[in-house]
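A.B. asks: Using this note's numbering, you'd call the opening residue of the sequence shown number 263 and step up by one each time. Ideal Cβ positions, reconstructed from N, Cα and C, are used throughout, including at glycine.
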Amino acid sequence: MSLQRSRELTYLTRAEVAQTLSEIDAVAVAADTLRAHALGNTIVPDEGYLGWNTPNGYSARSLNMPGLVADGTTPVVGTKIINASLGNTRRGTPRADGLTLLFDAETAHPYALMDGTLISATRTAAVTAVAVEQFTTRPVRRVGLIGCGAQASAHFSILLPRLPGLREIRLYDQHPASVQAFLERHHEAAAAANVRLVVAKTAEEAVREADVVVPVTTVTEGYIRMEWLQPGSVVVHVSLDDLLPEVVLGAGLVVVDDWDLVRTDARRLLGRMYREGLLCGPDEEPSGQHVKRVDGTIGRFLTQGTRQRDAQGVTVVNPFGMSVQDIALAHRVVSVASTLGLGTQLPR
263 MSLQRSRELT YLTRAEVAQT LSEIDAVAVA ADTLRAHALG NTIVPDEGYL GWNTPNGYSA
323 RSLNMPGLVA DGTTPVVGTK IINASLGNTR RGTPRADGLT LLFDAETAHP YALMDGTLIS
383 ATRTAAVTAV AVEQFTTRPV RRVGLIGCGA QASAHFSILL PRLPGLREIR LYDQHPASVQ
443 AFLERHHEAA AAANVRLVVA KTAEEAVREA DVVVPVTTVT EGYIRMEWLQ PGSVVVHVSL
503 DDLLPEVVLG AGLVVVDDWD LVRTDARRLL GRMYREGLLC GPDEEPSGQH VKRVDGTIGR
563 FLTQGTRQRD AQGVTVVNPF GMSVQDIALA HRVVSVASTL GLGTQLPR
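(1) Do you know offhand how far threonine 336's Cα is from alanine 288's?
(2) When burial is assigned at 16 or more other CB atoms within 10 Å of the CB, is alanine 393 buried or exposed?
(3) Taking all protein chains shown into account, do 16 or more other C-beta atoms lie within 10 angstroms of the C-beta of glutamine 566, making it buried, or fewer, making it exposed?
(4) Quick one, are the C-beta atoms of alanine 292 and arginine 385 less than 7 Å apart?
(5) Determine the DSSP secondary structure at leucine 301, reduced to helix, strand or coil.
(6) Would you mind reading off the limits of the beta strand (DSSP E) that contains proline 477?
(7) Identify, in the order they occur along the chain, each residue of the same chain with its Cβ nearer than 6 Å to the Cβ of arginine 424, setting aside the five sequence neighbours on each side.
(8) To the nearest whole angstrom, what separates the beta carbons of threonine 480 and leucine 348, a pair I think is in contact under 8 Å?
(9) The beta strand (DSSP E) spanning tryptophan 314 covers which residue range?
(10) So, for alanine 468: in the same chain, excluding its five sequence neighbours on each side, which residues have a beta-carbon less than 6 Å away from its beta-carbon?
(11) Note down, in chain order, each residue of its chain lying with its Cβ closer than 8 Å to the Cβ of asparagine 318, except the 5 sequence neighbours on either side.
(12) Report the option in Pro507, Val586, Leu602 whose CA atom is closest to the CA atom of aspartate 333.
(13) Would you give the residue range spanned by the beta strand (DSSP E) that glutamate 430 belongs to?
(14) Alpha carbon to alpha carbon, how far is aspartate 504 from phenylalanine 582? Give it in angstroms, no decimals.
(15) May I have the straight-line CA-CA distance separating serine 396 from valine 496, to the nearest angstrom?
(16) Would you kindly report the start and end of the unbroken alpha helix (DSSP H) that includes tyrosine 536?
(17) Output needed for valine 595: all residues of its chain with C-beta closer than 8 Å, excluding positions within five of it in sequence on either side, in chain order.
(18) Please say whether isoleucine 560 and valine 517 have beta carbons closer to each other than 7 Å?
Put into structure tokens, the structure is as follows:
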């Protein structure tokens with residue numbers, strides 16, 4: 263990025279981001295960034311968290327998540343701002359919304375600003391796809407998808423073409439309207455891929471017999487029990503609070519994207535278990551017989567070329583969500599958007 267260009271700000275709308283993402287292999291970007299992180303070629307500071315109650319009494323929050331990826335000649339630097347209010351869905355508006363901002367590595371000036379919601383959803387689903395491809399030990403025929411909002415749609419779009427053996431997706435959401443909207447949006451693509459979309463009556467029904475389970479909800483209390491999960495299944499714990507501790511403690515393999523982020527967050531399940539002395543990091547020795555050790559990071563498994571060791575155990579992948587994933591994907595978006603002639607130059 264030239265110094266002259268750094269005094270301009272390129273703005274990409276949500277539609278332009280969507281058009282650009284269709285030209286990018288987001289799963290490859292996610293895998294490359296996970297490897298870079300495992301090799302120490304990233305900087306992921308603690309996120310800035312602001313929480314409040316809205317005037318109507320709903321929980322709301324704003325996250326500011328900066329990061330740097332130095333897996334090339336020029337570092338990619340930026341920040342992700344993602345906000346959410348639990349009352350939005352009751353008003354018929356998206357729960358989350360945000361922006362992604364990129365900085366010139368030399369001058370530190372902002373040079374690109376874009377809608378961050380699609381980037382966030384896409385990179386989340388892309389990390390899930392990396393985890394599924396890395397940790398499943400048999401063809402995936404059934405997926406249990408809990409929650410039918412924007413994240414579920416992103417996961418459907420990313421996973422469908424990458425799982426050739428997939429035959430059924432079981433859907434569950436506490437809000438029937440969300441399930442219906444999901445069906446209307448995706449039934450044609452599912453039918454074209456010979457995949458059945460089955461509406462489950464309960465979360466348990468969605469989970470049982472699934473090879474891969476992906477909860478993408480807004481819950482803050484666990485409900486998924488170990489007895490629901492079949493041996494050899496993989497749970498990609500996207501929304502971070504859906505599992506009961508018994509699942510983590512009984513899993514054959516527990517994997518995170520970044521242990522420091524996981525352990526320092528007291529609001530999420532694994533962070534709470536760490537504080538309660540039930541969980542320790544991959545480089546720590548358990549302090550007691552009943553302490554579960556995290557087996558490693560997704561990036562470490564990728565760089566080492568190792569896979570799940572126990573095909574009969576349940577694998578829990580707990581991707582906390584790293585800002586560098588958004589920033590790496592946003593960098594590719596800006597690059598491709600430039601070749602497509604997309605974006606508006608804003609004066610400074």
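C.D. replies: So, to answer that:
(1) 20 Å
(2) Taking all protein chains shown into account, alanine 393 has 16 or more neighbouring C-beta atoms within 10 Å of its C-beta and is therefore buried.
(3) exposed
(4) yes
(5) Correct three-state label for leucine 301: coil.
(6) Counting along the chain, the beta strand (DSSP E) containing proline 477 begins and ends at 474-477.
(7) Ala391
(8) 6 Å
(9) Where tryptophan 314 is concerned, the enclosing beta strand (DSSP E) stretches over 310-315.
(10) Gly406, Ile408, Arg432, Tyr434, Ala462
(11) Gly349.
(12) Val586
(13) Unbroken beta strand (DSSP E) run through glutamate 430: 430-434.
(14) When only Cα atoms are considered, phenylalanine 582 and aspartate 504 end up about 13 Å apart.
(15) In the sequence as presented, serine is not what sits at residue 396; that position holds glutamine. Glutamine 396 and valine 496: Cα-Cα distance of roughly 10 Å.
(16) 531-537 is the extent of the alpha helix (DSSP H) around tyrosine 536.
(17) Leu274, Val279, Thr282, Leu283, Ile286, Met376, Ile381
(18) yes
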